[in-house]
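Read through the structure below, which is laid out as structure tokens, and then see the notes.
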Amino acid sequence: MSSGNGSNGPNDLVFDMDVKDEQRGRERRGSGCETEEDRNKPTYCVTDVPPWYLCIFLAIQHYLTSFGAMTSIPLILSEGLCLQHDSLTQSQLINTIFFSSGLITLLQVTFGVRLPILQGGTFALLTPSMAMLSMPEWKCPAWTQNASLVNTSSPLFIEVWQTRIRTLQGSIMVASLLQILIGFSGLVGFLMRFVGPLTIAPTVSLIGLSLYDSVGAKVASHWGISAMTTVLIVLFSQYLRRIPIPVPAYSRAKKLHTSKLYIFQIMPILLGIAVSWFVCYLLTVSDVLPSDPARYGHLARTDVKGDVLNQASWFTFPYPGQWGMPAVSLAGVFGMMAGIVCSMAESVGDYHVCARLSGAPPPPKHAISRGIGVEGLGSLLAGAFGTGNGTTSFSENVAALGITKVGSRMVILVSGVFMILMGVLGKIGAIFTTIPTPVMGGMFLIMFGVITAAGVSNLQSTDMNSSRNIFVFGFSMFSALVIPNFLMKNPDLLQTGVKEVDQVLRILLTTNMFVGGVLGFFLDNTIPGTKRERGLLAWGKADLEDSIYAAGTEEVYDLPFGITSRLSARSWVRFVPFCPRKGNGSHDGSEDQGWGSEQPLRSAVVADELAL
């Protein structure tokens, strides 16, 4: 995997210390990492604890890596919630998603799969959410689109957006029960045997493609600013990523000196947004950008969001039910379930990539089942807190492990605490809402383009010289663009006579990801083809040759606080799919799974190449 080649970790770059020599001299509990000769081995393996200052530095980096996706979800969702002109509520949504993501990250690393994997919002649920909010009964009233007519403190406006987000909350919470059931029951292994590259590829690709209209509207608000943002991100992430920047550093050996920091590799998106944001500020104070809302380019001004920074409180404490009692929509539940199935397939792949990069053995069945189950609990919590979204493993942060070569789960625990703190600071969320619309549009061009490509990259394990595979992928993709587009333009044509059934079908059939995924799944499992042709052989192999073992056994996946030792004496434990059992070989998690390689969703590889 390219993430480990020719890349020095920030610990070597900033602190200029020979941590490998330091590691050889200290005792490691159950770690065989120091005897591994592979040059791509992690500097700190999954059970190691780096120095406190390195933990903090890398935790902040993981936070910055997730920044783009974490902020874009509530900002895109705000359009369907009628909140385009309510920046204060947008900032509260951003605070809420950071707070809940940090909480769920702590839960996942401590009791879930126990790998250094960050949890956050998922675009797999954003697509069905927008499909639900675009239904006739949920479309925003015309007056909410006019800033001059919106009074954000009026009871009428508050009821308009809170009704929508409460329905989203309830639908996500009910749908998350499916993920909890599949995870903790151990069914995830059985189900994933039927999900191959020809199912994952169109499903993930259509997550990015389905949002082209929303992204296009943001880009069109000022093409020049959007193009500048895109060019800067591409420049930083692709052309300048190997160029170091000298920075002051300190070590006991060299005292105060200069060291090299690959800042363009670490935070290209944040730098691109910051530079474009600053340019927009200069154009605003010099009145180059028009102050008239009716003129082209007005949305590029940095003062469009008004006084939101002053209005936002310094501290905010998200809590379950903060928008009121969640409601449930049957149609919304089915739409969210489709997104959750896609999210599970993504996470299973991320677990294996994360294990390889962090120096852990391939995750056993009980760890994967527990991880998926905890993600379901995370979606339940995220729905209860009112993020309007669920939770999943962040592929971008998995890729960051390959860049930093620090696979310690302690770093991710610190990052989770940091995200909680950022979620409590109300001013932080307010700052993010003031990013000009075309700047966000330029970032979305990169982000959703990478998501689309990440889906297509799953096909590399299939035989794309096969006319069968070309048909399955091409037909699934094109049908998933045509059918939802037609039904969006002709919503009244879908009439069964039962209102609830009409709503369910309308949401499912206008969700590109669902249509493409179902067609790919059905055709791939019914049209005759060999396993090699379908790419299942590559998925069924645990890539042990590339695995870097930090611990010779699966003890890294044991439950904390001695829970595993206490449970091992109980005879009934062997009937509980998510409980670790003493005496299992390290091959338990990778043998005959059919879902055990790092192949499901290659977005971690692609994201690494972009250094998102």
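Its first residue numbered 59, the sequence shown is counted upward by one per residue in my numbering. Ideal Cβ positions, reconstructed from N, Cα and C, are used throughout, including at glycine. These numbers were taken from a predicted model, which means no experiment stands behind them.
Taking the CA atoms as reference points, leucine 184 sits about 34 Å from cysteine 103. In this structure, the straight-line span from the alpha carbon of isoleucine 486 to that of threonine 374 is close to 10 Å. Inclusion of serine 149 and threonine 360 in the CB contact set at 8 Å is not warranted, their separation being larger than that value.
In this chain, the beta strand (DSSP E) harbouring valine 305 covers 303–309. Tryptophan 335 sits away from leucine 483, with the two beta carbons spaced by 8 Å or more.
As DSSP reads the structure, lysine 313 sits in a beta bridge with Ser309. Secondary structure note for isoleucine 175: it is in no alpha helix (DSSP H), with a DSSP letter that is neither H nor E.
Using a Cβ distance threshold of 8 Å, phenylalanine 636 and histidine 424 count as a contacting pair.
Comparing C-alpha distances from tyrosine 377 to each of Ala182, Ala442 and Val292 shows the shortest one belongs to Ala442. Between the alpha carbons of aspartate 106 and serine 206 lies a gap of roughly 56 Å. Rounded to the nearest whole angstrom, the CA to CA distance from leucine 139 to tryptophan 219 is 5 Å. Distance between valine 305 and methionine 480, taken at the CA atoms: about 26 Å.
Rounded to the nearest angstrom, the gap between the Cα atoms of isoleucine 493 and arginine 632 is 52 Å. Less than 8 Å divides the Cβ of proline 194 from the Cβ of proline 549. Taking 4 residues as the shortest admissible run, the region 250–311 contains the following complete alpha helix (DSSP H) segments, listed from N- to C-terminal end: 255–267, 270–277 and 281–292. Counting only residues of its own chain and dropping the five nearest sequence neighbours on each side, leucine 122 has a CB closer than 6 Å to the CB of Met325 and Leu328. With the rule of 3 Cβ pairs closer than 8 Å, the region 308–326 does not count as touching the region 348–356. By the CB criterion at 8 Å, isoleucine 134 and serine 272 fall inside the cutoff.
In the three-state reduction of the DSSP assignment, phenylalanine 636 falls in the coil class.
The DSSP-derived three-state label of phenylalanine 373 is strand. Three or more beta-carbon pairs separated by less than 8 Å are not found between the region 550–567 and the region 278–296, which leaves the two stretches without contact.
Collapsing the DSSP output to three states places serine 405 in a helix. The beta carbons of serine 130 and phenylalanine 502 sit about 7 Å from each other, so the pair counts as a contact at 8 Å.
Classified as exposed, serine 623 has fewer than 16 neighbouring CB atoms from the shown chains inside 10 Å of its CB.
With the rule of 3 Cβ pairs closer than 8 Å, the region 251–269 counts as touching the region 573–590. Under the 10 Å beta carbon count, proline 199 is surrounded by fewer than 16 other beta carbons and is classified as exposed. Its chain contains Leu577 and Leu581 as the residues whose beta carbon lies nearer than 8 Å to that of phenylalanine 533, once the 5 sequence neighbours on both sides are disregarded; these appear in chain order. Segment contact: the region 443–456 against the region 397–412, three or more CB-CB distances shorter than 8 Å; contact assigned. Contact between arginine 428 and glycine 170 is confirmed by a C-beta separation of about 6 Å, below the 8 Å threshold. Closest option to isoleucine 238, judged by alpha-carbon separation, among Leu357, Asp521, Leu438 and Gly593: Leu438.
Boundaries of the alpha helix (DSSP H) around tryptophan 219: 213–243. For the set Pro186, Pro496 and Gly178, the Cα lying nearest the Cα of methionine 395 is the one of Pro186. With a 10 Å radius around the Cβ and a threshold of 16 neighbouring Cβ atoms, valine 432 comes out buried. For glycine 397, the closest of Gln323, Met383 and Met188 by C-alpha to C-alpha distance is Met188.
Contact annotation: glycine 393 and leucine 566 have beta-carbon atoms nearer than 8 Å. Per DSSP, asparagine 447 is not a residue of any alpha helix (DSSP H), being assigned neither H nor E.
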